[in-house]
Amino acid sequence: MALCLRARLSQYFVYRQRSNSRFVHSSPNLPLPPSVVSIGPEHEKEARSWLSSFRAAATIPKHLAELSFSCSSGPGGQNVNKLSTKVTARCRLDAPWIPLWARESLMRSPYYTKSSHSLLMTSSTSRSQASNVDDVLSKLHALIAESAAKLITNSPTEEQRRRVASLQKADGVRRRTQKDRQSAVKKSRSRKDWD
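Heads up: the sequence shown begins at 167 in the working numbering, then just goes up one per residue.
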């Protein structure tokens, strides 16, 4: 009897571990960003390395966002009425894993909620609650990565600076000759001595 119960329990735990393994996130914590408010040339390399490791995480772990569930709307029959598959993720904007330089652009995003100073995102694309959790966390991850990457600029190399300067100089010369040509045409039209 005890052996049978133990075998059933071990089968149950193995089954549960297999069924939950597809929803387990790869990294328990996200990398902490450098604590700089604006990205200058001196912090650019550090910010880029943080961004690449943040993008490698691919999603935000569940424990870093407050998740709530509600009934979804739209088509789906009785599944919509009986199950809470819609997922709402709320993440405070002052979380330590959100970079300081990206917070201002995140505050201008349509997902920002001023009353709670947080990002609020929902997902009801799937009939499965677990799929919607993964979807909303990956959307939140993409939003933060996009707003952080937007402010990291590429500083040009010396060769690029020289090329831009030569192009600007050539454009100035071309513009000047075009203006001189147009001026000469207008001057030839305005002559009064036609006789």
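C-beta atoms are modelled at their ideal positions from N, C-alpha and C, and glycine is treated no differently.
The structure displayed is predicted, hence computed values, not measured ones.
- Within the segment 241-318, the complete beta strand (DSSP E) segments of 3 residues or longer fall at 252-258, 284-289, listed in chain order.
- With fewer than 16 other Cβ atoms inside 10 Å of its own Cβ, V351 counts as exposed.
- DSSP, read as helix, strand or coil, puts E212 in helix.
- With a cutoff of 9 Å on beta-carbon distance, R256 and T279 are scored as near each other.
- Nearest to D300 by alpha-carbon distance, out of A268, I318, V253, P207, is V253.
- P199 sits buried, since 16 or more C-beta atoms from the chains shown fall within 10 Å of its C-beta.
- Within the same chain, and ignoring the five residues on either side of S219 in sequence, the residues whose Cβ sits closer than 6 Å to its Cβ are P197.
- K335 and A315 have their alpha carbons spaced roughly 32 Å apart.
- Counting only residues of its own chain and dropping the five nearest sequence neighbours on each side, I264 has a CB closer than 8 Å to the CB of P199, C257, L272, I310.
- DSSP places S354 inside the alpha helix (DSSP H), whose first and last residues are 324-355.
- The three-state secondary structure of L196, taken from DSSP, is coil.
- The beta-carbon separation of L259 and R269, rounded to 6 Å, stays under the 8 Å limit for a contact.
- The Cβ-Cβ distance between W267 and A331 does not fall below 9 Å.
- The beta carbons of S250 and S236 sit about 6 Å from each other, so the pair counts as a contact at 8 Å.
- S289 and V302 do touch by the CB rule: their CB atoms are close to 4 Å apart, below 8 Å.
- In the DSSP annotation of this structure, S321 is not part of any beta strand (DSSP E), being labelled neither H nor E.
- Between T323 and I205, the C-beta gap is not smaller than 9 Å, which leaves the two residues out of contact.
- Less than 9 Å divides the Cβ of L306 from the Cβ of A231.
- Counting along the chain, L230 sits inside no beta strand (DSSP E), nor does DSSP assign it H or E at all.
- Our two residues, R293 and L233, have alpha carbons roughly 17 Å apart in a direct line.
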